[in-house]
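**Q**
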Amino acid sequence: MVGTRNHSSNSSAFAIRSGGHTPFAGAANINNGVTIDLRAMDSVNVSSDQTITSVGAGSIWKNIYEELQLMNLTVLGARVAGLGVGGLITGGGISFFAPEKGFACDNVVNMEIVLANGQIVEANSHQNSDLFRALKGGSNNFGVVTRFDLQTFPHGNFWGGFIFYPGSTVPQQLKAFENYMDPKNFDPYAEMFCASGYDGATQSFLVANGIYYTKPIANPPVFQPFTAIQPKLGSTMRISNIVDFVTEEESQQAVNSRLWNSTVNSIESVAGIKHFIIFQRVPAALPGNSLGLHPSKGPLVLCLLSITWNSAADDDLVNHVAKTLIDNIERATKAVKLFGNFKYLNYAANFQNPIGSYGQKSVKNLQRVSKMYDPTGVFQTGVPGGFKLFTPQLT
Ligand SMILES: Cc1cc2nc3c(=O)[nH]c(=O)nc-3n(C[C@H](O)[C@H](O)[C@H](O)COP(=O)(O)OP(=O)(O)OC[C@H]3O[C@@H](n4cnc5c(N)ncnc54)[C@H](O)[C@@H]3O)c2cc1C
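Throughout, the working numbering is defined as the position within the sequence shown, counted from one, plus 2.
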C-alpha cells in the first residue's frame, strides 16, 4: 500500500511543529526539508458566553491557562507549562481532569485544518466528522491543524503538588497505587502519577508522586494511603491554581537533557542520568476518538519509562537498555495476563507502534480517512516524522 502512495520526491518533505516536546528527533523537525513552526499561532480567544476557547495550534498551555484563570475558567490540557497544543491534542492529551473528563482531545468541539490540497476546512461532530475523530489520536497524518476550539468550564483553585519519599517506600507506594486503581475507590477528581527511580545527581533512589485533586479539598480520602506513607523527604502539597501547578511540574523536568522513555539498572554511571518508572491511570475511555479504548478494557495503568541524560555518546547504551526493559515488562505482564496493548502515542518511543495499539478497526478507519482527505499521501511520505498510518506494521 505504501508503494501506491509514493510522494514524488523527498525534497518537498516537511515537518509540523507545535510545542516541539516530542523527545525523539524528526517528529516535529526535519533535515533537508521545511519545518512548519506554528508557535506564532498562539492566539487565545474566549467566546462571549465563556463556553468555548479558541486557541492557535502553536499556543503553549501555560499561556492558555493564564488567560483563562483571569476569568476563573479552564480547559483540558497539559500538566506541564511549556507543552504545545498541537501535539498534545492530536495524540490524546492527559490533563488534571482526565479521570472525570477523558482525554483532552475528547473535549475539543471543533478544529480548523489545512489539508494536503491547501483547502482549509472545519472538523467537528457535524462537519467532516470522520476527520474530526481521526485527528483525536491520529497525530500529524491528516493535515496541519491551525486552530482548536476547546470546551471551557468554570474552575478555581485546587489541591495538588509533589510528595517526595525515599526509594525504600516503593512497596508501600505500589500498595497505595493498587488501592487508588481499585474501581471501588474511584474518585473522578483524583489524578496522580507515581514516579520512582534513580537520580544520578544525588546518587539516590527516590519516589516523587504528583498528586492532584481538582477541588479545593486537602488530603481527600482517595489519597490518604499515599499521604500516610512515611518517611517523607518533602512535600509541596497546597491549594493553588493551575498555572502554579504546571509551572512546578515543568521545574521537575530536566531541561536540555536527552530525554527518552526508558528505565535501567545498568546505566548509573551515565552522565546526568535520571531514570524513572512512572505509573498513572489511563484516562476515562469515551467514545468519539480514535484511541481504540473501551471501558470494558479498563481500568488501565500507563507505565512510562522516563530517562534524561546529558551526552549523545550514551544514546545507544540507554536506548538498548530501554528496549530491553520494555520487552521484559511486556513479557512479564503477558505472563500474568495483565498486559494491555494500548500504547499512548504522546509517550511512545520511536521504536514503538502506538497507532497499531489502537486496534485493527481504528487503524483501518484512520487509513480510510487518510485516503479520503489526502489521496496522494502527502502526510504519509511528505511528512516523514512521527507515527505514520501505512507502515508495514499497520498494513
Ligand atoms: C516534560 C514533558 C511533560 C509531558 N507531560 C504530558 C502531560 O501532562 N500530558 C500528556 O498528555 N502528555 C505529556 N507529555 C507528552 C506530550 O503530550 C507530547 O510530547 C506532545 O507531543 C507534546 O506536544 P507538542 O505540541 O509540544 O509536540 P510537537 O513535538 O510539536 O508535536 C508532536 C507531534 O504532533 C504533530 N503536530 C504538532 N502540532 C500539530 C498540528 N497543529 N497539526 C498536525 N500535527 C501536529 C507533530 O508533527 C509531531 O509529530 C509530556 C512530555 C514532556 C516532554
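Glycine is no exception: its CB is placed at the ideal position from the N, C-alpha and C atoms.
Helix, strand or coil for M43 per DSSP?
**A** Here M43 sits in coil by DSSP.
**Q** Could you check whether D151 and N181 sit closer than 9 Å to each other, using their CB atoms as the reference points?
**A** no
**Q** Can you find the residues in the same chain that come closer than 6 Å, C-beta to C-beta, to Y67, ignoring five residues on each side of it along the sequence?
**A** I244, V245
**Q** Going by the CB atoms, is the gap between P222 and D184 shorter than 9 Å?
**A** no
**Q** Measure the alpha-carbon distance for L396 versus I231 and round it to whole angstroms.
**A** 45 Å
**Q** Count the other CB atoms within 10 Å of the CB of A192; is the residue buried (16 or more) or exposed (fewer)?
**A** buried
**Q** At the 9 Å Cβ level, is V385 part of the contact set with chain D, yes or no?
**A** Absent from the structure is chain D; it holds one protein chain and no more.
**Q** With a cut-off of 8 Å on the beta carbons, I'd call V323 and I269 a contact; round off their distance for me.
**A** 6 Å
**Q** Compare the Cα-Cα distances from R81 to each of L70, L288, S97 and report the closest residue.
**A** S97
**Q** Check whether the Cβ of E252 sits closer than 8 Å to any heavy atom of ligand 1, and report yes or no.
**A** yes
**Q** Using 8 Å for Cβ pairs, my map puts F392 next to Q369. What's the rounded Cβ distance?
**A** 7 Å
**Q** Can you check whether the CB of F26 is closer than 9 Å to the CB of G162?
**A** no
**Q** Runs of 4 residues minimum, wholly inside the segment 279 to 355: which ones carry the alpha helix (DSSP H) assignment?
**A** 317 to 337
**Q** Where DSSP assigns a beta bridge to C196, which residues make up the other side?
**A** N211, F281
**Q** By Cβ distance, which residues of its chain are closer than 6 Å to G22, with the 5 residues on each side in sequence left out?
**A** A30
**Q** Just to confirm the assignment, what range does the beta strand (DSSP E) spanning S56 have?
**A** 54 to 58
**Q** Do S141 and ligand 1 come close, with the Cβ less than 8 Å from some heavy atom?
**A** yes
**Q** Do F278 and A197 have their CB atoms nearer than 9 Å?
**A** Yes, the pair counts as a contact, with Cβ atoms nearer than the cut-off.
**Q** Can you name, in chain order, every residue of its own chain whose Cβ lies under 6 Å from the Cβ of Y214, other than the five neighbours on each side?
**A** F98, G162, E193
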